[in-house]
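This note's numbering puts the first residue of the sequence shown at 4, with every later residue one more than the last. Notes for the one structure printed next.
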Amino acid sequence: MIDKIKSLLREVENLKAANAEELESLRIKYLSKKGEISQLMNDFRNVTADQKREVGILLNQLKEEAQQRIGELREKFENASAHDRKIDLTRTAYPVPLGTRHPLSIVKKEICDIFARLGFSIAEGPEIEDDWHVFTSLNFAEDHPARDMQDTFFVQHSPDILLRTHTSSVQTRVMERQQPPIRIICPGRVYRNEAISYRAHCFFHQVEALYVDKNVSFADLKQTLLYMAKELFGTETKIRLRPSYFPFTEPSAEMDISCNLCGGKGCAFCKHTGWVEILGCGMVDPNVLENCGIDSKIYSGYALGMGIERITNLKYQVKDLRMFSENDIRFLKQFESAN
Ligand code: DAH
4 MIDKIKSLLR EVENLKAANA EELESLRIKY LSKKGEISQL MNDFRNVTAD
54 QKREVGILLN QLKEEAQQRI GELREKFENA SAHDRKIDLT RTAYPVPLGT
104 RHPLSIVKKE ICDIFARLGF SIAEGPEIED DWHVFTSLNF AEDHPARDMQ
154 DTFFVQHSPD ILLRTHTSSV QTRVMERQQP PIRIICPGRV YRNEAISYRA
204 HCFFHQVEAL YVDKNVSFAD LKQTLLYMAK ELFGTETKIR LRPSYFPFTE
254 PSAEMDISCN LCGGKGCAFC KHTGWVEILG CGMVDPNVLE NCGIDSKIYS
304 GYALGMGIER ITNLKYQVKD LRMFSENDIR FLKQFESAN
């Protein structure tokens, strides 16, 4: 028996396995319940008393050696397979929590998608602009209050460089380099010199839409507005247009939608009128077309502009505008399902 143990010990010391399956069969051969070592353990009963000590020590040595060697081989295979699968073992063990889309991004995307379905494509322009693109080309009078430092952030005077106060400046940028048909939607951030409070901020977001082609009429504008309102706020939504004034449109209008909180019956949110204002719009003033090199005798167009914060407030009843720029995870997480 001693010879048997010694020869097994030599075998075990030189164990080799080419892969995990081979290793498993070695484990079964030596260490399983019916394996070689267990059998020797069973035979131990029959060993004579004077040999028990020597055999016992050798047997334990064999068992330990077999366990250690097989353990070593297993470790080798596990590391190798991690390497084969190109696992990054330096990566953190904790899952990285996924962020959520910002509510303003969700609503911006929703508006852009609605207009994309009508054939509009996205156009963007710079946030730092010149006087021409923000005011002059858009027919603002020389003494218009928006040109005042009270209302607009100037980066530099003469020539005037400023932070754009509306995304209407992108209209000019596109019309200057492209002849009709033009059908664009321009989302972006705008800046105004306002004291920050729950209802005003020095920066906010707008979406501007512009359609210029032959025979574009106010009826086209109205139908687009109705479609947009129903897509954004539900098929029951009604719209109404009130005459208004903007330098760059003639005629101009402001659009209200039936209050989506009370369904038009009247509540505190709509100041019991049943209506809430959501955007400005109108037919592009011929002066603006001409300023941008488009022949106003051949072409006409409509434009509209809305605040994304305002639409988001209406959809999600966010009471304090500042929440949008505070990056409070508890606030942002609430929009997880709206993604
Ligand atoms: N630019 C306007 C504003 O910032 C919004 C606006 C009104 C855009 C009428 C338009 C428009 O295109 O036709 O308040």
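Yeah, the Cβ is synthetic: ideal placement off N, Cα and C, and Gly gets one too.
query	result
Are Arg-88 and Phe-338 touching if we call contact CB-CB under 8 Å?	no
Helix or strand or just coil, what does DSSP make of Leu-101?	coil
Enumerate in chain order the residues of its own chain whose CB-to-CB distance from Gly-308 is below 8 Å, with the five nearest sequence positions on each side excluded.	His-169, Thr-170, Ser-171, Gln-209, Val-210, Glu-211, Ala-212, Leu-282, Gly-283 and Cys-284
Quick one, which of Val-99, Leu-92 and Val-177 has its alpha-carbon nearest His-136's?	Val-177
Compute every distance between the C-beta of Gln-209 and the non-hydrogen atoms of the ligand DAH, then say whether any falls below 7 Å.	yes
Could you pull the DSSP bridge partners for Asp-133 from this structure?	Ile-164
Measure the CB-CB distance between Gly-304 and Tyr-248 and report whether it falls below 8 Å.	no
Would you give the residue range spanned by the beta strand (DSSP E) that Val-287 belongs to?	278-287
Evaluate contact between the stretch 110-128 and the stretch 178-195, counting only Cβ atoms and requiring at least three cross-stretch pairs below 8 Å.	yes
Going by the beta-carbon positions, is the gap between Val-173 and Gly-102 smaller than 8 Å?	no
Given the structure, does Thr-3 come close to the ligand DAH, in the sense that its CB is under 7 Å from one of the ligand's heavy atoms?	Outside the displayed range of the chain (4 to 342) lies residue 3, so it cannot be described from this structure.
For Arg-243, does the three-state DSSP call read helix, strand or coil?	strand
Measure the Cβ-Cβ separation of Gln-64 and Leu-18 and say whether it is below 8 Å.	no
Nearest to His-160 by CA position, among Glu-81, Asp-134, Lys-318 and Glu-179, is which residue?	Asp-134
Determine the DSSP secondary structure at Ala-256, reduced to helix, strand or coil.	strand
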